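Asks: Okay, so the sequence shown: first residue is 120 according to this note's numbering, each after it adds one.
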Amino acid sequence: MNLAATTTVTFRHPELEDGKEVWELIREIDVLDLNSSYYYLILCEYFGNTCMVAEVDKEIVGFVSGFRHPEDQQTLFVWQVAVAASQRGEGLAFSLIDKLLESEECEDVTTIQTTISPSNKASHALFEKVARHVGANMEKTVRFLPRMFPGTDHETEQTYEIKPITRKNENRFSI
Ligand SMILES: CC(C)(COP(=O)(O)OP(=O)(O)OC[C@H]1O[C@@H](n2cnc3c(N)ncnc32)[C@H](O)[C@@H]1OP(=O)(O)O)[C@@H](O)C(=O)NCCC(=O)NCCS
120 MNLAATTTVT FRHPELEDGK EVWELIREID VLDLNSSYYY LILCEYFGNT CMVAEVDKEI
180 VGFVSGFRHP EDQQTLFVWQ VAVAASQRGE GLAFSLIDKL LESEECEDVT TIQTTISPSN
240 KASHALFEKV ARHVGANMEK TVRFLPRMFP GTDHETEQTY EIKPITRKNE NRFSI
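Next comes the structure, spelled out in structure tokens:
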């Protein structure tokens, strides 16, 4: 079932005031690394153009964070993708990434980079779907190894690149 067909979902770039609610969403999900509330405030204030939130009844139920690669501005590093447990399995995570790529602020993006833990099957499936949708390959590059994460029992984070991204309609995506 497609969430958009039954529920009104609003997608938009986050602003400073959303940082608190985004932090609460990540805390609630309890799977991703919970960064400080200040981190999410900074993301929303300074990197909002490369992030996206999904709202249902004015409540944030989905979030994707991203930033442009410092040495390649056309590469979008997609960091955390989070969907509230009650809204999963209905295409929301895919739509968050699709809407982000579709947004005017990211229309020049040609490559997505992300990292995926080997055990995170949902994340794998999500990014494979994104790669299929944009007609791109998904290739492994560098790795963030467990020994690099101090003080935690952290899995390897395998970096993937999805490129080249092709736009289907007048430089924009359609869902
Ligand atoms: C991963 C997550 C964001 C997916 O959100 P979602 O809205 O349910 O995902 P979508 O409905 O858009 O699904 C996208 C694709 O992934 C697949 N998928 C989603 N959850 C899956 C799961 N648990 N196992 C296997 N595949 C899964 C879907 O089937 C779909 O692929 P398909 O259309 O080819 O069948 C969500 O489960 C979540 O927030 N998990 C906790 C945080 C996390 O692990 N984030 C990812 C790493 S940053």
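Beta carbons are placed, not taken as given, at the ideal position from N, Cα and C, and that holds for glycine.
Being a predicted model, the structure only gives us computed values, none of them experimental.
Please list, in chain order, all residues of the same chain as Arg-131 whose beta carbon is under 8 Å from its beta carbon, the five residues on each side excluded.
Replies: Met-171, Val-172 and Glu-174
Asks: Have a look at Asp-217 and Lys-139 and give me their C-alpha separation to the nearest angstrom.
Replies: 24 Å
Asks: Can you tell me whether Val-150 is buried or exposed, with buried defined as 16 or more other CB within 10 angstroms of its CB?
Replies: exposed
Asks: Using the three-state DSSP reduction, which class does Asp-227 fall into: helix, strand or coil?
Replies: coil
Asks: Under three-state DSSP, which class holds Gly-210?
Replies: coil
Asks: Consult DSSP for Gly-270 and reduce its assignment to one of helix, strand or coil.
Replies: coil
Asks: Specify, as a first and last residue, the run of the alpha helix (DSSP H) that Ile-161 falls within.
Replies: 156-165
Asks: Given a threshold of 16 other Cβ atoms within 10 Å of its Cβ, counted over all protein chains shown, does Glu-221 qualify as buried or as exposed?
Replies: So Glu-221 counts as buried.
Asks: If you draw a straight line from the C-alpha of Thr-134 to the C-alpha of Glu-164, how long is it?
Replies: Just to set this straight, residue 134 is Glu in the shown sequence, not Thr. Cα to Cα, Glu-134 sits roughly 6 Å from Glu-164.
Asks: Taking 8 Å as the CB-CB limit, is Cys-225 close to chain C?
Replies: Absence of chain C from the displayed structure is noted, only one protein chain being present.
Asks: Checking the sheet assignment: what are the DSSP bridge partners for Ile-281?
Replies: Ile-231 and Met-257
Asks: On the premise that Leu-215 lies in contact with Gly-254, defined as a C-beta separation below 8 Å, what is that separation, rounded to the nearest angstrom?
Replies: About 19 Å separates the two Cβ atoms, so there is no contact after all.
Asks: Taking C-alpha atoms, which residue in Arg-286, Pro-237 and Gln-192 lies nearest to His-252?
Replies: Relative to the Cα of His-252, the nearest Cα in the group Arg-286, Pro-237 and Gln-192 belongs to Arg-286.
Asks: So is Ala-201 buried or exposed if we call it buried at 16+ other beta carbons inside 10 Å?
Replies: buried
Asks: Could you name the residues that DSSP lists as bridge partners for Leu-195?
Replies: Arg-187 and Ile-231
Asks: Could you pull out every residue in the same chain whose Cβ sits closer than 7 Å to the Cβ of Leu-160, ignoring the five residues on either side in sequence?
Replies: Leu-135 and Gly-138
Asks: Between Met-257, Asn-256 and His-273, which lies nearest to Leu-264 when the distance is taken from Cα to Cα?
Replies: His-273
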